[in-house]
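Chemist: Per the numbering used here, residue 37 is the first one in the sequence shown, and the count goes up by one each step.
Where a beta carbon is used, it is the ideal one built from N, C-alpha and C, also for glycine.
First the structure, which I've put down as structure tokens, then a few questions once you've had a look.
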Amino acid sequence: LRSMPNVKVFSGSSHRDLTERICERLQLDVAKASLKKFSNKETNVEIGESVRGEDVYIIQSACGEINDHLMELLIMINACKIASSCRVAAVIPCFPYARQDKKDKSRAPISAKLVANMLSVAGADHIITMDLHASQIQGFFDIPVDNLYAEPAILKYIKESIPNWQQAVIVSPDAGGAKRVTSIADRLNVDFALIHKERKRANEVEKMTLVGNVQNRASVC
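Structure representation (structure tokens):
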């Protein structure tokens, strides 16, 4: 605490264990907050300690109950902001609605932009996220956005955890992930493959075709 005296790290309900591991590395205690739901399912947040003049980090990812986690994050940001915190940074490893980043049909919403607006209005001063579905989402914000990349950690994991990784094949689950997969394969100097999916409608795959040779080789997806 003495090395980071003006920092408070709060956890949303999506990944308490991640927050605890981050705080352990930083030699900080997880800041106190009470998160619960009223009988009508409204989210209630109570910040359990002073944040006046502090740099606040709120860790909350968009997985599982995405809408509930997003609303909880917005309320936590606003609660810290109106409690006179110096800055509020939202740490969102998986950004909500990131795949809805453009109008792909007439009258379709750009939901990623809406989420960006909501975070700013709630009082966020800084966004930290990872591997955005499209890096252009950073342009939806008028506040600083750090889009971190998992590739260095993935490379380290492959080299340390997969026997004979030099003969492995890096596989993309769809064409959209091909750019990231080829980048990892190039860094490792190994082959890559991808799965081509044919869809009749959203979230319903009719046919999958493997493009590339993975026979008798470890496949990393």
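On the DSSP bridge list, what partners appear for D161?
Modeler: In DSSP, D161 forms no bridge with anything.
Chemist: Going by alpha carbons, who is nearest to I163 out of Y93, K72, N76 and G212?
Modeler: Per the C-alpha coordinates, the member of Y93, K72, N76 and G212 positioned closest to I163 is Y93.
Chemist: Along the chain, where does the beta strand (DSSP E) containing L64 start, and where does it finish?
Modeler: Looking at the DSSP string, L64 is not in any beta strand (DSSP E), and its letter there is neither H nor E.
Chemist: Measuring alpha carbon to alpha carbon, tell me which residue in L150, R88 and I128 is nearest Q136.
Modeler: Among L150, R88 and I128, the Cα nearest to that of Q136 belongs to L150.
Chemist: Whose C-alpha, out of R223, P188, G212 and A189, is nearest the C-alpha of V205?
Modeler: R223
Chemist: Quick check: A98 and I128, are their CB atoms within less than 9 angstroms of each other?
Modeler: yes
Chemist: I believe D210 touches I190 by the beta-carbon criterion, under 8 angstroms. Please report the beta-carbon distance rounded to the nearest angstrom.
Modeler: The pair is not a contact, with the Cβ atoms about 17 angstroms apart (cut-off 8 angstroms).
Chemist: I'd like the span of the alpha helix (DSSP H) that includes D222, first residue to last.
Modeler: Boundaries of the alpha helix (DSSP H) around D222: A214 to L224.
Chemist: In angstroms, rounded to a whole number, what distance separates the CA positions of S70 and T79?
Modeler: Our two residues, S70 and T79, have alpha carbons roughly 11 angstroms apart in a direct line.
Chemist: Can you find the residues in the same chain that come closer than 7 angstroms, C-beta to C-beta, to D167, ignoring five residues on each side of it along the sequence?
Modeler: Excluding positions up to five away in sequence, the list reads Y185 and A186.
Chemist: Closest to M40 by CA distance: which of L64, R123, D53 and E196 is it?
Modeler: L64
Chemist: Restricting to runs no shorter than 4 residues, where is the alpha helix (DSSP H) found entirely within the segment 117-163?
Modeler: Taking only runs of at least 4 residues, the alpha helix (DSSP H) segments lying wholly in the segment 117-163 are 147-158.
Chemist: Considering only heavy atoms of the ligand SAH, does any lie closer than 8 angstroms to the CB of Q174?
Modeler: With respect to small molecules bound, the structure shown includes none, and the ligand SAH cannot be examined in it.
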